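Written below as structure tokens is the structure these notes are about.
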Amino acid sequence: MLTDRDMFLDVLCGVKHEITDLTKAAMEASDDQIRQSFMQYRDKAEQVQLELVAIGTSKGWYVPAPPADQNSVNEIRSHYENVLREVEGSPVLTHV
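Going by this note's numbering, 1342 is the number at position 60 of the sequence shown; the sequence numbering is gapless.
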């Protein structure tokens, strides 16, 4: 028999997969309106995921990762900003 926790985790897993699938669909959409629709659906799914995490956390069914320290956040942000700068100068993107 499934417990409330089991059902919660199943729904949370499903929403996470939905977010992933909607992100992929938005990336592959050739029409701007369709892309925007997928992104709006994804944003709503992310809100549902946050609400589920809050419920699961309050009931002790879900333990989110602890917040990262500011130094780690800054390192990661800097790394991806550098990657973005490199990609922006890429000849591949100038032909898109």
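Virtual Cβ for every residue (Gly too), placed ideally from N, Cα, C. Since the model is a prediction, treat every value here as computed from it, not as a measurement.
- Linking residue 1361 to residue 1342 through their CA atoms gives a straight-line distance of about 35 Å.
- The stretch 1298 to 1317 makes no contact with the stretch 1350 to 1359; the number of CB pairs closer than 8 Å stays below 3.
- For secondary structure counted as the alpha helix (DSSP H) over 4 or more consecutive residues, the stretch 1342 to 1377 holds these complete runs in sequence order: 1352 to 1370, 1373 to 1376.
- By the 16-neighbour rule on beta-carbons within 10 angstroms, residue 1365 is exposed.
- Contact annotation, residue 1293 with residue 1327: C-beta distance approximately 12 Å; criterion of less than 8 Å not satisfied.
- Under the three-state reduction of DSSP output, residue 1319 falls in the helix class.
- Distance from the CA atom of residue 1340 to the CA atom of residue 1285, rounded to whole angstroms, is 16 Å.
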